[in-house]
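In the working numbering, the protein residues as written are 2 to 358.
One structure is given here, and the rest of the page talks about it.
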């Protein structure tokens, strides 16, 4: 599979270039040079900085003034105080409206960098360079930015499209196995909401035999197409991407992010699949196949021990996608066909979660 270059537009004056494949990082200098007339800054975390920032600097070949901002790794860094810290450093280095931020890392770095780019000087350019499977196939694309606040995930944020997303699949070789597991939840999601073919391929594959370039490119194409149709997540099409996230985000928040995003979304997808069987026509056979597929990639299918169902319900009510206290669900009619905006009775949610203990 060769490197591919794609483009999606969210409006006439806004476009995003996507470069996907092994060696895609080589495209970064040109993407920065096209936009930057002064300084550029890399926002990353300390683990990624140690492993990858040298490679990025070498690719850029000292043609740019690249200021490095390194945060502590993990979801706990996705806070307003770290956004403020980044802004102080940008001011210190006199990064102006012609500057560019580069998000080098996973979803936490990408969300935080996008948020800083959206509010600094009322908005400057940024480029996503995701280094994890999860960020490549999901959070790095689409322009959703945010930070966590008072234990609620992404409750403070903006829509701010990146100028480019550079997904170099060579980074996947550097990932620990747990990070591949974490990203597989979102890969599986793409199959469940829109591709029986991908689900069948995943059922036949394994981590060691996965055609990563092909899989990542499929997911990137799918999300880019949905974003282009519904950039502000208001028309329903993009809402399909939230399959499994209603319960998943609540579990993440309640665990204080000790439960990974992939683990939480996997459990959420099982809950959504069971509700789909009850309410949306999904067959029992397909519901069971979904749980089997999720477990195949070492993701959980049951709630963590001692989960307080009442607390899960309460946090879901505060989800940013709730409307007038009603949670709109994404459910499956069959594998590969989903529908958004489904109102699910509270009692059905409670009973489903109780059975998943």
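The beta carbon of each residue, even a glycine, is placed where N, CA and C say it ideally should be.
Check	Outcome
Which of helix, strand or coil DSSP assigns to residue 230	helix
Residues near residue 344 by beta carbon distance below 7 Å, same chain, minus five either side	327 and 329
Identity of the residue in 267, 307, 316 and 276 nearest residue 298 by Cα	267
Anticipated Cβ contact below 8 Å, residue 75 with residue 184, distance rounded	So it is not a contact: roughly 16 Å between Cβ atoms.
Among 30, 111, 82 and 151, nearest to residue 133 - alpha-carbon criterion	111
Any beta strand (DSSP E) of 3 or more consecutive residues that is wholly inside the stretch 68 to 148	101 to 106 and 126 to 131
Proximity of residue 193 and residue 137 at Cβ, strictly below 8 Å	no
Residue 341 in three-state terms, based on DSSP	strand
Buried versus exposed call for residue 179 [16 or more other C-beta atoms within 10 Å across all chains shown]	exposed
Simplified DSSP assignment, three categories, for residue 199	helix
Reduced DSSP category for residue 23 - H, G, I as helix; E, B as strand; rest coil	coil
Cβ pair residue 29, residue 96 closer than 8 Å	no
Euclidean distance between Cα positions of residue 106 and residue 78	13 Å
Reduced DSSP secondary structure (H/G/I, E/B, other) of residue 283	coil
Residues of its chain near residue 69, where Cβ-Cβ distance is below 8 Å and the 5 sequence neighbours each way are ignored	42, 43, 45, 50 and 54
Helix, strand or coil at residue 276 according to DSSP, with G and I counted as helix	helix
Contact under 8 Å by Cβ, residue 127 with residue 98	no
Same chain, Cβ closer than 8 Å to residue 349, five either side skipped, listed in chain order	276, 279 and 280
Meets three-Cβ-pair contact criterion under 8 Å: the stretch 296 to 316 and the stretch 210 to 221	no
For residue 169 and residue 31, believed in contact at Cβ under 8 Å, the rounded distance	Going by Cβ atoms, the distance from residue 31 to residue 169 rounds to 14 Å, so no, they are not a contact pair.
Beta-carbon gap between residue 156 and residue 81 smaller than 8 Å	no
Burial state of residue 208, where buried means 16 or more other Cβ atoms lie within 10 Å	exposed
Length of the line joining the Cα atoms of residue 215 and residue 174	15 Å
Length of the line joining the Cα atoms of residue 172 and residue 241	28 Å
DSSP three-state assignment for residue 18, whether helix, strand or coil	strand
Backbone CA spacing between residue 257 and residue 244 [nearest angstrom]	21 Å
Reduced DSSP secondary structure (H/G/I, E/B, other) of residue 319	coil
For residue 332, the three-state DSSP class (helix, strand or coil)	strand
Classification of residue 259 by the beta-carbon crowding that lies within 10 angstroms, buried from 16 upward	exposed
Residue closest to residue 203, alpha-carbon to alpha-carbon, out of 358, 291 and 48	291
Coarse secondary structure for residue 154, derived from DSSP in three states	strand
Test item: CB-CB of residue 294 and residue 189 under 8 Å	yes
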